[in-house]
Amino acid sequence: IGEAIRIGGLVREGSVTRDGLRADFAVTDLAHDINVSYEGMLPDLFREGQGVVAEGRFDASGRFVADTVLAKHDETYMPPEVAEALEKSGKYSSGYKPSHPGDAK
7 IGEAIRIGGL VREGSVTRDG LRADFAVTDL AHDINVSYEG MLPDLFREGQ
57 GVVAEGRFDA SGRFVADTVL AKHDETYMPP EVAEALEKSG KYSSGYKPSH
107 PGDAK
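Numbering (the working numbering), first residue to last: 7 to 111.
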(Lines of atoms letter the chains of each structure in order from A; the text may use other names.)
(Lines give C-alpha, C1' and ligand atoms only; values in the text may rest on other atoms or scores of the structure.)
Protein backbone atom coordinates (compact mmCIF):
# COMPACT_ATOMS: atom_id res chain seq x y z
CA ILE A 7 0.00 0.00 0.00
CA GLY A 8 1.36 3.38 -0.96
CA GLU A 9 4.39 2.11 -2.92
CA ALA A 10 4.52 3.19 -6.57
CA ILE A 11 4.30 0.23 -8.96
CA ARG A 12 3.39 -0.56 -12.56
CA ILE A 13 0.72 -3.09 -13.57
CA GLY A 14 -0.12 -4.35 -17.05
CA GLY A 15 -2.57 -6.54 -18.90
CA LEU A 16 -5.75 -6.12 -20.89
CA VAL A 17 -8.64 -3.79 -20.09
CA ARG A 18 -11.40 -6.22 -19.03
CA GLU A 19 -14.36 -6.17 -21.45
CA GLY A 20 -17.38 -4.47 -19.87
CA SER A 21 -15.41 -3.03 -16.94
CA VAL A 22 -15.01 0.62 -17.99
CA THR A 23 -17.16 3.26 -16.29
CA ARG A 24 -16.63 6.99 -16.66
CA ASP A 25 -17.76 10.01 -14.69
CA GLY A 26 -16.33 13.20 -16.15
CA LEU A 27 -12.55 12.78 -16.17
CA ARG A 28 -12.66 9.84 -13.74
CA ALA A 29 -12.44 6.37 -15.24
CA ASP A 30 -12.75 3.07 -13.39
CA PHE A 31 -11.79 -0.19 -15.11
CA ALA A 32 -10.27 -3.60 -14.48
CA VAL A 33 -6.89 -4.74 -15.78
CA THR A 34 -6.70 -8.50 -16.31
CA ASP A 35 -4.20 -11.18 -17.23
CA LEU A 36 -7.26 -13.45 -17.72
CA ALA A 37 -6.46 -15.18 -14.43
CA HIS A 38 -6.67 -12.18 -12.08
CA ASP A 39 -8.26 -8.73 -12.23
CA ILE A 40 -7.09 -5.50 -10.61
CA ASN A 41 -9.62 -2.68 -10.21
CA VAL A 42 -8.16 0.65 -11.30
CA SER A 43 -9.25 4.27 -10.82
CA TYR A 44 -7.78 7.05 -12.93
CA GLU A 45 -8.48 10.77 -12.97
CA GLY A 46 -7.52 12.45 -16.25
CA MET A 47 -7.59 12.06 -20.02
CA LEU A 48 -7.18 8.46 -21.14
CA PRO A 49 -4.92 7.76 -24.15
CA ASP A 50 -6.56 7.60 -27.59
CA LEU A 51 -5.69 3.88 -27.88
CA PHE A 52 -7.39 3.01 -24.55
CA ARG A 53 -10.10 0.41 -25.31
CA GLU A 54 -11.71 -2.58 -23.66
CA GLY A 55 -9.83 -5.72 -24.65
CA GLN A 56 -6.63 -3.80 -25.48
CA GLY A 57 -3.26 -3.77 -23.74
CA VAL A 58 -2.72 -1.23 -20.98
CA VAL A 59 -0.10 -0.33 -18.39
CA ALA A 60 -1.01 1.72 -15.33
CA GLU A 61 1.45 3.33 -12.93
CA GLY A 62 0.30 4.25 -9.43
CA ARG A 63 -0.40 2.84 -5.97
CA PHE A 64 -2.84 0.58 -4.16
CA ASP A 65 -5.04 2.40 -1.65
CA ALA A 66 -6.19 1.00 1.69
CA SER A 67 -9.29 -0.58 0.07
CA GLY A 68 -7.15 -2.55 -2.42
CA ARG A 69 -8.07 -0.41 -5.43
CA PHE A 70 -5.21 0.63 -7.71
CA VAL A 71 -5.15 4.42 -8.09
CA ALA A 72 -3.29 5.21 -11.31
CA ASP A 73 -1.24 8.35 -11.86
CA THR A 74 -0.45 7.37 -15.47
CA VAL A 75 -2.19 5.12 -18.01
CA LEU A 76 -0.42 3.93 -21.18
CA ALA A 77 -2.33 2.07 -23.89
CA LYS A 78 -1.10 0.16 -26.92
CA HIS A 79 -2.53 -2.27 -29.47
CA ASP A 80 0.32 -4.72 -28.87
CA GLU A 81 2.61 -5.88 -26.08
CA THR A 82 5.05 -2.93 -26.32
CA TYR A 83 4.12 -1.54 -22.88
CA MET A 84 3.07 -4.88 -21.42
CA PRO A 85 5.41 -6.87 -19.18
CA PRO A 86 6.70 -9.81 -21.30
CA GLU A 87 5.37 -12.44 -18.89
CA VAL A 88 1.87 -10.92 -19.08
CA ALA A 89 1.92 -10.79 -22.90
CA GLU A 90 3.10 -14.39 -23.02
CA ALA A 91 0.43 -15.61 -20.55
CA LEU A 92 -2.32 -13.81 -22.46
CA GLU A 93 -1.14 -15.25 -25.76
CA LYS A 94 -1.00 -18.78 -24.31
CA SER A 95 -4.62 -18.37 -23.21
CA GLY A 96 -5.59 -17.91 -26.87
CA LYS A 97 -7.44 -14.67 -26.08
CA TYR A 98 -4.69 -12.30 -27.15
CA SER A 99 -2.52 -12.56 -30.23
CA SER A 100 0.40 -10.18 -30.19
CA GLY A 101 3.05 -11.98 -32.15
CA TYR A 102 5.06 -11.86 -28.92
CA LYS A 103 8.60 -13.12 -29.23
CA PRO A 104 11.04 -12.94 -26.30
CA SER A 105 13.81 -10.44 -27.02
CA HIS A 106 16.41 -12.83 -25.59
CA PRO A 107 16.31 -16.64 -26.00
CA GLY A 108 16.62 -17.04 -22.21
CA ASP A 109 13.43 -15.01 -21.67
CA ALA A 110 11.15 -17.84 -22.86
CA LYS A 111 10.02 -20.30 -20.22
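Ideal placement from N, C-alpha and C gives every residue a C-beta, glycine not left out.
Residues of the same chain with a CB within less than 7 Å of the CB of residue 46, apart from the 5 flanking positions on each side, are 27 in chain order. Apart from sequence neighbours up to five positions away, the residues of its chain that approach residue 42 with a beta-carbon distance below 6 Å are 31, 33, 60, 70, 72, ordered along the chain. Between residue 63 and residue 14 a beta carbon distance of about 15 Å is seen, past the 8 Å cut, so the two are scored as non-contacting. Your pair residue 58 and residue 29 does not check out as a contact, with CB atoms roughly 11 Å apart and the cut at 8 Å.
Straight across, the Cα-Cα distance linking residue 20 with residue 54 is about 7 Å. With a beta-carbon spacing of about 6 Å, residue 75 and residue 48 fall inside the 8 Å limit used to define contacts. Going by C-alpha positions, residue 90 is about 31 Å away from residue 66.
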